[in-house]
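Please read the structure below before turning to the comments.
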Amino acid sequence: MAEPKENLQMEKIVSLCKRRGFIFQSSEIYGGINGFWDYGPLGAELKRNVKELWWNSMTRQRDDVAGLEATIIMSPAIWKASGHVDTFSDPMCDCKKCKKRFRADQLCEDQGLTLIKNADGKFALPEGTKCTSCDSKELTEPRPFNLMFKTYVGPVESEDNVAYLRPETAQAIFAQFKNVLETSRQKVPFGIGQIGKAFRNEVTPRNYTFRSREFEQMELEFFIKPDEAIEAIHGSVATVAAGHPGEPQPNWGWQAWHQYWVEERVRFYEGIGLSRETLGFHIQTKEELAHYARACTDILFKFPFSKKDEQGNVKGDELEGIAARSDFDLSQHQRFSGKPQHVFDDELRQAWAKLPKEKQDDLWRRYYENRKNYLTKSGVEAEAAAKQATDDANALAKGNYVPHVIEPSAGVDRLILALIANAYSETTKTDDKGKSETIYTMKFHPRVAPIKVGVLPLLKNKPDLVAKALAVRDLLRPWMNVYYDDGGSIGKRYARQDEAGTPFCVTIDFDTLGEKPELLDTVTLRYRDDGKQERLKISELRDWLLVKIR
Ligand code: GAP
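Using this note's numbering, you'd call the opening residue of the sequence shown number 632 and step up by one each time.
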């Protein structure tokens, strides 16, 4: 199934990805399967690098984050508690004439219209909406379509055995919160990170890998104290100025932590070659936010298919969302599983005891209101909600609370597409005879580049050159992905590496072997982006490269 061609730039990118082995259509020999993509040799390396960089920066390089690797299929009760069974759906409608199926919001958006949401939560198409395939205005009313893939566990295909492929990795983190807390010796504030597959039966997968049905996520759930606890311990909750707020501080509330994670994530993207100019931001409005969310900032990337606004500016499409989700998730799992998800904080207990009565009452009341609000919005009947909220506020006074959470949630595949689109560069070279040739260079940041260095003997029929080149390859191989290439002219080999996005090539020539004695055991190092060359000692090569690629 061919992906509709969005624009020329995307066509070129898709073509290069196939030609050079970054991305293939899944099941291509059987005509493909819509919304599923495979990563070829270069794509697999690129993806691995991106995930490793995320994992390193988010878990290993920090004292306050632990990792998790959970199963894809989990108890269906998890998806009931999270709200996915009841509400994880997109509005879908069909053209009665040509039978084409649409995501109703996208169909409207493509025509400059906005899907109507009625007070009862039901959707309606605005006047004038037509089928973008056959122009008919005979469309069915939008109806919700749950995006979770269903399957059965065990041999019997009955309702009792229904299970879902996870639509996000986040829920496993909440479900394992207590186990991680108890085994990792962490204390709130701390986070749990996970990378893994997620599945969504998207109504209309589109824009190449951007909206797929099988994809990977890199998610962090960062657990923090409720603001009332911070205020009790520190007297007030810190306010932070715009920009990166610096090293985390004990008096940070959800706002400072949210801003911190937005800025940390932008730094991550900058560190792998996506400059601020290529990114955009969408701060969700009150209407867009889920009832329990305090804030959500989406980090966008300006993809070739990203639409322009009326002023001709490209805002971009979502790479990652950073949400302040209050204590909703753990509270839901506490209610649905009946297993307590609160933590005990002795610092809070001690601080609370020393507070003046008015302050205690004020904090108690605010916490009570927040808990009651969450409970009633989640469908708990008013009296029961008030009783539970009273218990929760009393528990707070004794040092117990359900942690709040900041969730930076990124898609691996969208990031890969962003990196590919960002790296893609073409120039046209015309020779003396007027013959033109297009030169493609993938200008990946060395940290993410699939191949870090190409090792090339100047000639393949000179055993001494080959032996030396193989020795250089073997010297570097334990440390990085090296590509040894002895086929064709040196110019052709450089061009091949440029197209693969290899940032450096080293050539082993006769000077390496000592033809000019002062150059013995040195190599020519060539830079991908400007073709500049310099001479480097083999003994210094590994460390020189490691600085660039880490
Ligand atoms: N736990 C929160 C969550 O899943 P989301 O905004 O639905 O939030 C997070 O997804 C990220 O996952 C998105 O920013 C995007 O990068 C990626 N993602 C979501 N749906 C996707 C899809 N159909 N195809 C590719 N990536 C997707």
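Note that beta-carbon positions come from the ideal geometry of N, C-alpha and C, so glycine has one too.
- Nearest to cysteine 648 by C-alpha distance, out of Thr1155, Arg1159, Gly1132 and Lys1093, is Gly1132.
- Leaving aside the five residues that flank alanine 1028 on each side, the residues in its chain whose CB is nearer than 6 Å to its CB run, in chain order, Trp983.
- Looking from the CA of proline 773, the closest CA among Glu799, Asp1095, Tyr795 and Thr745 belongs to Thr745.
- Rounded to the nearest whole angstrom, the CA to CA distance from threonine 870 to valine 893 is 16 Å.
- Glutamine 942 places its beta carbon 8 Å or farther from that of cysteine 927.
- Between the C-alpha atoms of glutamine 640 and proline 935 there is a straight-line separation of about 6 Å.
- Look at the beta carbons and you see the stretch 854-867 touching the stretch 805-822: at least three pairs across the two are nearer than 8 Å.
- Check the Cα spacing between arginine 1166 and each of Thr1143, Val1086, Glu813 and His1035: the tightest is with Thr1143.
- Excluding its 5 nearest sequence neighbours in each direction, glutamine 1128 has C-beta neighbours in its own chain below 8 Å: Ile1082, Gly1085, Tyr1114, Asp1116, Cys1136 and Arg1159, listed in chain order.
- Judged by DSSP secondary structure, isoleucine 709 falls outside any beta strand (DSSP E) and instead within the alpha helix (DSSP H) spanning 707-713.
- Less than 8 Å divides the Cβ of lysine 933 from the Cβ of threonine 909.
- Distances from the CA of lysine 768 to each of Phe776, Lys731 and Thr1072 were compared; the closest alpha carbon is that of Lys731.
- Threonine 1153 sits buried, since 16 or more C-beta atoms from the chains shown fall within 10 Å of its C-beta.
- Shortest gap from the CB of glycine 674 to any heavy atom of the ligand GAP: 7 Å or more.
- Residue side-chain check: arginine 734 keeps its Cβ at 7 Å or more from all non-hydrogen atoms of the ligand GAP.
- Here DSSP, grouped into helix, strand and coil, assigns alanine 921 to coil.
- For lysine 748, the beta-bridge partners assigned by DSSP are Phe754.
- Closest in C-alpha terms to glutamine 886, from the list Phe899, Gly904, Tyr900 and Ile861, comes Ile861.
- Contact annotation: the stretch 657-671 touches the stretch 831-848, with at least three C-beta pairs closer than 8 Å.
- Annotation: the continuous beta strand (DSSP E) that includes arginine 734 extends over 732-734.
- A Cβ-Cβ separation of about 5 Å places valine 696 in contact with threonine 690 under the 8 Å criterion.
- A straight line joining the alpha-carbon of glutamate 1038 with that of glutamate 642 spans about 34 Å.
- Out of Phe1075, Phe975, Leu1050 and Ile1070, the CA that lies nearest to the CA of glutamate 813 is found in Phe975.
- With a cutoff of 7 Å, glycine 752 does not count as near the ligand GAP, since its C-beta is closer than that to no heavy atom of the ligand.
- Cβ contact annotation for proline 757 (same chain, cutoff 8 Å, sequence separation greater than five): Cys739, Leu744, Thr745, Leu746 and Ile747, in chain order.
- With respect to the 8 Å criterion, valine 681 and leucine 1046 are classified as neighbours on the basis of their beta carbons.
- The beta carbons of threonine 1059 and glutamate 1130 sit about 15 Å from each other, so the pair does not count as a contact at 8 Å.
- Contact between alanine 1020 and arginine 1002 is confirmed by a C-beta separation of about 4 Å, below the 8 Å threshold.
- With at least 16 other beta carbons inside 10 angstroms of its own, asparagine 1053 counts as buried.
- At least one heavy atom of the ligand GAP falls within 7 Å of the beta-carbon of leucine 950.
- Taking the CA atoms as reference points, leucine 699 sits about 7 Å from isoleucine 823.
- Annotation for asparagine 638: Pro935 and Phe936 place their beta carbon closer than 7 Å to its own, counting only its chain and skipping 5 residues before and after.
- Shortest gap from the CB of serine 957 to any heavy atom of the ligand GAP: 7 Å or more.
- Counting the other Cβ atoms within 10 Å of the Cβ of cysteine 729 gives fewer than 16, which makes it exposed.
- Distances taken from the Cβ of aspartate 960 to the heavy atoms of the ligand GAP include none shorter than 7 Å.
- Assigned with DSSP and collapsed to three states, serine 1009 falls in coil, not helix or strand.
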